[in-house]
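Here UniProt numbering is used: the first residue of the sequence shown is 1, the next is one more, and so on.
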Amino acid sequence: MNDNRFNPLALVLGFLRPLDPVLTLVLATLLGYAHVLMQSASPERLDSQITHIGIALAGMWVLAWLKPQRLLSMAVPLYLLGVVLLVAVELFGEVSKGAQRWLDLGVARIQPSELMKIAMPLMLAWFFQMREGHTRFIDFILAGAMLLVPVGLIVIQPDLGTSLLIAASGLYVIYFAGLSWKLLIPLVVALVIGLGSIVAFGDTLCQPEVDWQVLREYQKQRVCTLLDPTRDPLGKGFHIIQSTIAIGSGGLTGKGWMDGTQTHLAFLPERHTDFIFAVLAEEFGLVGALVLLAVYVLLLLRGFHIAANAPTHASRLLAGAITMIFFTYAFVNMGMVSGILPVVGVPLPFISYGGTALVTLCLGIGILMSIQRSRFADKT
């Protein structure tokens with residue numbers, strides 16, 4: 001006799017089936033951290049952030065159900081759509097705060113550059129899968145060209161932070177695909193020489209009449225402000241000065257939740273988005289910051305474990321690149337908030353307020369879960 005009674009436990013287990021336990025625990029911890037910090041930094045935005053979280057988790061769950069090969073089959077259409085939309089932004093996009101990044105489709109206002117954060121690593125993973133076993137140097141040149149197209153379109157918007165993240169996501173795939181590290185030495189040497197020159201001759205190079213050619217004026221000012229925030233303490237240097245004060249004043253254990261003076265006296269700008277790490281350091285101190293770092297390390301270790309054990313070449317490339325994207329987000333945000341990197345508008349992953357970045361990052365988690373799930377599905 002068949003038992004057709006409703007079984008809520010089976011329904012819950014079926015719903016949770018595609019979710020990786022470790023990634024789910026890490027994500028829940030990070031979102032819990034975000035909720036606590038948002039209550040202090042900007043409680044009026046909690047309701048909208050909860051909506052963002054719901055949308056992000058739904059997207060993650062859908063991707064976790066899909067097989068990696070199904071995801072890779074969407075790589076070319078997503079990449080082409082992203083490029084077309086970026087061209088449309090250049091031609092018809094809305095200008096806001098001096099940047100042309102948004103596209104009004106009538107029913108929605110979108111930022112196409114965010115699509116490329118997922119489409120770019122997918123595209124390159126698909127590209128190198130097609131050449132698995134017989135990759136030639138020309139293939140790395142073609143991959144670099146595919147990466148430069150969207151990055152170039154985003155740079156001219158201008159959006160330096162997003163362009164760096166997308167460039168990094170593509171370069172990670174290219175490197176993991178077998179690009180010799182020896183070919184990167186000239187780039188590293190050039191970077192070191194360039195940074196060294198800026199540090200050594202900063203006073204001269206940061207004079208108003210000096211044109212840096214490759215950077216816009218506001219980008220030049222960000223680098224110069226990093227070298228000496230006191231150059232304009234109430235203007236361009238204000239963000240870095242206030243965030244470093246907040247971080248330093250937190251000490252070992254912090255001032256206590258909701259008791260951060262830099263936060264609640266409104267000295268700390270953008271405290272709910274780019275500078276939320278300063279809120280954490282001020283209210284929970286070094287201990288709170290180290291706990292967050294430990295959670296990020298667990299996320300990276302799980303991501304690399306999934307990449308190392310992925311069943312296909314493309315899955316390994318994709319998982320490795322997505323894991324490194326999480327690292328890049330965290331490293332750049334903490335670096336700019338603590339004053340060791342220029343302010344480029346990169347959010348703290350899973351913590352900063354905002355829907356677009358949160359959805360993109362959760363989609364990355366969903367892809368990792370999909371790859372991990374496929375590993376066991378292939379054995380059954």
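A virtual CB, placed ideally from N, CA and C, is assigned to each residue, including glycine.
Beta-ladder partner(s) of residue i, from DSSP
| i | result |
| --- | --- |
| residue 392 | In the structure displayed, the chain extends from 1 to 380; residue 392 sits before or after that span and is not available. |
| I55 | Paired residue(s): none; I55 is not in a bridge. |
| I110 | L103 |
Cβ-based burial, residue i [other Cβ within 10 Å; buried from 16]
| i | result |
| --- | --- |
| P68 | buried |
| W181 | exposed |
| W126 | buried |
| S113 | buried |
| I365 | buried |
| T380 | A caution first: T380 carries a pLDDT of 44, below 50, which makes its placement in the model unreliable, though a value can still be read off. With fewer than 16 Cβ atoms within 10 Å of its Cβ, T380 is classed as exposed. |
| V210 | exposed |
| R101 | buried |
| D159 | buried |
| M258 | exposed |
| V346 | buried |
| I247 | buried |
| S48 | exposed |
| S163 | buried |
| D203 | exposed |
| V297 | exposed |
| F128 | buried |
| L124 | buried |
| M1 | Residue placement at M1 is poorly supported in this model, since its pLDDT is 45, which falls under 50; the coordinates still yield a value, given next. Its Cβ having fewer than 16 others within 10 Å, M1 is exposed. |
| P121 | buried |
| T51 | exposed |
| L105 | exposed |
| Q262 | buried |
| P229 | buried |
| E44 | exposed |
| M130 | exposed |
| T253 | exposed |
| Q221 | buried |
| L349 | Contrary to the premise, residue 349 reads as Pro rather than Leu in this sequence. Its Cβ being crowded by 16 or more others within 10 Å, P349 is buried. |
Rounded Cβ spacing between residue i and residue j (contact assumed at less than 8 Å)
| i | j | result |
| --- | --- | --- |
| Q353 | H264 | The residue asked about is misnamed: residue 353 is Tyr in this sequence, not Gln. Not a contact, Cβ separation roughly 17 Å. |
| I325 | S169 | 5 Å |
| A88 | L103 | 6 Å |
| V279 | A41 | 5 Å |
| A314 | I306 | Actually they do not touch by this definition, with Cβ atoms about 13 Å apart. |
| L368 | I322 | 6 Å |
| K117 | L165 | 6 Å |
| V223 | I198 | 7 Å |
| R302 | A310 | Incorrect: roughly 13 Å between the Cβ atoms, too far for contact. |
| A28 | R373 | So it is not a contact: roughly 18 Å between Cβ atoms. |
| residue 400 | E217 | Nothing about residue 400 can be reported from this structure: the residues present for the chain run from 1 to 380 only. |
| I55 | L31 | In fact, because the Cβ distance is near 13 Å, the residues do not count as touching under 8 Å. |
| S243 | V332 | Not really, about 14 Å apart at Cβ, beyond 8 Å. |
| I276 | I351 | 6 Å |
| G339 | L184 | About 27 Å; that fails the 8 Å criterion. |
| L115 | L78 | 7 Å |
| V36 | L299 | The Cβ separation is near 18 Å, so there is no contact. |
| P18 | W61 | 7 Å |
| T356 | Q111 | 6 Å |
is_contact[residue i, chain C] using C-beta, thresh 9 Å
| i | result |
| --- | --- |
| D259 | Looking at the structure shown, chain C is missing, and only one protein chain is on hand. |
The segment 288 to 302 / the segment 127 to 137 touching (three or more Cβ pairs under 8 Å): no
Mind pulling the alpha helix (DSSP H) runs of 4 or more residues that sit fully within the segment 294 to 344?
-> 313 to 337
* Could I get the ranges of all uninterrupted alpha helix (DSSP H) runs contained in the segment 181 to 230, with 4 residues as the minimum, in chain order? => 185 to 200, 202 to 205, 217 to 227
- Contained alpha helix (DSSP H) runs [length at least 4] in the segment 127 to 176, N- to C-terminal order: 137 to 155, 160 to 176
Can you list, in chain order, the stretches of the alpha helix (DSSP H) that have 4 or more residues and sit fully within the segment 229 to 283? 238 to 249, 261 to 264
TODO: Can you check the segment 12 to 44 for any alpha helix (DSSP H) of at least 4 residues that lies completely inside it and give the ranges in chain order?
DONE: 21 to 41
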